Amino acid sequence: MSSTRRALAAARRVVVKVGSSSLTSLDGGIDPLRLDALVDALARRRARGSQVVLVSSGAIAAGLAPLGLAKRPTDLATQQAAAAVGQLLLAHAYEASFTRYGQTVGQVLLTADDMIRRAHYRNAQRTLERLLGLDVLPVVNENDTVATEEIRVGDNDRLAALVAHLVGADALVLLSDVDGLYDGDPRKAGSQLLADVDAPSDLDVVRIAKPASRSLGTGGMATKITAAGMAAAAGIPVLLASAADVDDALDTAAEGPKIGTAFRPSGRRMGARRFWLLNAADAQGRLELDAGAVAAVVGRRRSLLAAGIRGVAGDFVAGDVVDLVGPDGAVVARGVVGFDAAELPALIGRRSRDLPVEQRREVVHADDLVALG
Ligand code: GLU
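Mapping to my numbering: the sequence shown position 196 is 196, numbers consecutive.
This is the structure we're talking about:
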């Protein structure tokens, strides 16, 4: 048994993600039998002393049947309407199912913003920690009804990796309708399921695993690999397995059956800020730095000042995430910008002492900045 699988079995705090197509069907909405089977396995893991956070998709899928929609809508407004209807049904179904075990559940709906803005993520972290402290099992989803296209995490695989980091999980289990990663096209004879991989170095040899049987969720294999890579790079072991194997996937026995694909943690746990900046946010714009500013920001971990900026691109406001690019166009860092895009052209290239007093501040503060590479 690999050390990764031992760590997965022994994990005290586990984040489990389940995909829409493992919980719902297109015509019938939430499938109570499959939901109960998931809850049975989660309750068993709880009973064995693990804390569990569930990241559940299925809000949009569960809302389709009540709205008479034959397939997942493509426009955001209808997706959000379906999520508004479906999230309530999903929460109710979990509450009813966990009640069979006397397990209290709490709903936590997050947006990407909650992960990027410092005050928000601290708040989300505190709430989740408190829920776990109160023996509540948090049921997390993206707050689909308010998240716009720009600020969406978009898929719950990545959301689950973000949550796993947020709560300092010892393991992340991604359950879906795929049973793992293969070394070739899984539909072709001879393709082997990869039991253990080193993320992300092994991943470029990996082909796409079994295609999803239905199109109810958003995440394909690519998002699962990304999510697994994100978590593993931050020191969290990951298991990718079929929801049909949930009992084995959450087994605590050291010598349980070897199902799914286990991703060996490849990095150390990194600071929350760095993790969020690298993984939670899409950059809303870019700041072009001169060579001196690159040296200061990347080499000496200094704040970025207006004097070192040569150009600005994108439509962002203070508090957004931007890429910092060097004179050769390569992205050298990422950070939370302190000014709106419209304010910057008048400031860039000028020294702080030449600026109006209210604008004499860092454009990107060192604490809000992550150097890449
Ligand atoms: N948040 C979406 C939902 O609950 C699912 C996103 C995904 O499929 O990953 O419907």
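No residue lacks a Cβ here, since even glycine has one placed at the ideal position from N, Cα and C.
Here the structure is a predicted model, which means the values were calculated and not measured.
Which partner residues does residue i have in the DSSP bridge list?
i	result
SER56	VAL18
GLU343	GLU343 pairs with nothing; no bridge assigned.
ILE309	LEU289
ILE30	THR24
SER175	Contrary to the premise, residue 175 reads as Leu rather than Ser in this sequence. VAL18 and ALA241.
GLN359	In the DSSP output, where bridge partners are listed per residue, GLN359 has none listed.
Taking all protein chains shown into account, decide if residue i is buried (16 or more other Cβ within 10 angstroms of its Cβ) or exposed.
i	result
GLN103	buried
VAL317	exposed
ALA388	Given that the chain is displayed from residue 1 to residue 373, the structure contains no residue 388 and the question cannot be resolved.
PRO211	Any answer about PRO211 is weak, because its pLDDT of 38 lies below 50 and its placement is not dependable; what the coordinates show is given next. Exposed, since its Cβ has fewer than 16 Cβ neighbours within 10 Å.
ALA198	Contrary to the premise, residue 198 reads as Asp rather than Ala in this sequence. Counting Cβ neighbours within 10 Å, ASP198 comes out exposed, since fewer than 16 surround it.
VAL331	exposed
MET221	buried
SER20	buried
MET1	exposed
GLY180	buried
VAL14	buried
As a quick exercise: from the options, pick the residue whose alpha carbon is nearest that of residue i.
i	options	result
ARG100	LEU38, ASP198, LYS258 and VAL16	LEU38
LEU175	ASP340, ARG45, ALA283 and LEU54	LEU54
ASN143	GLY49, ASP170 and ALA83	ALA83
LEU23	THR4, MET1, SER3 and SER56	SER56
ALA420	ASP315, ALA293 and TRP276	Limits of the chain in this structure are 1 at one end and 373 at the other, which puts residue 420 out of reach.
VAL370	LEU172, ARG273, THR74 and ARG45	ARG273
What's the gap between the Cα of residue i and the Cα of residue j?
i	j	result
ALA70	SER25	11 Å
ALA306	GLY335	14 Å
GLU362	ALA233	30 Å
GLY311	PRO345	8 Å
LYS17	ARG268	22 Å
GLU95	ALA161	24 Å
SER303	ILE309	12 Å
MET270	ALA366	17 Å
ARG207	VAL178	Caution applies to ARG207, whose pLDDT of 38 falls short of 50 and renders its modelled position unreliable; the value that the coordinates give is listed next. For ARG207 and VAL178, the distance between alpha carbons rounds to 13 Å.
Ends of the beta strand (DSSP E) at residue i?
i	result
THR111	Looking at the DSSP string, THR111 is not in any beta strand (DSSP E), and its letter there is neither H nor E.
THR261	261–264
LEU369	369–371
VAL153	Where VAL153 is concerned, there is no enclosing beta strand (DSSP E), given that its DSSP letter is neither H nor E.
Looking at the secondary structure, which residues open and close the alpha helix (DSSP H) in which residue i lies?
i	result
ALA93	76–99
GLY180	Where GLY180 is concerned, there is no enclosing alpha helix (DSSP H), given that its DSSP letter is neither H nor E.
ASN279	272–279
ALA231	221–233
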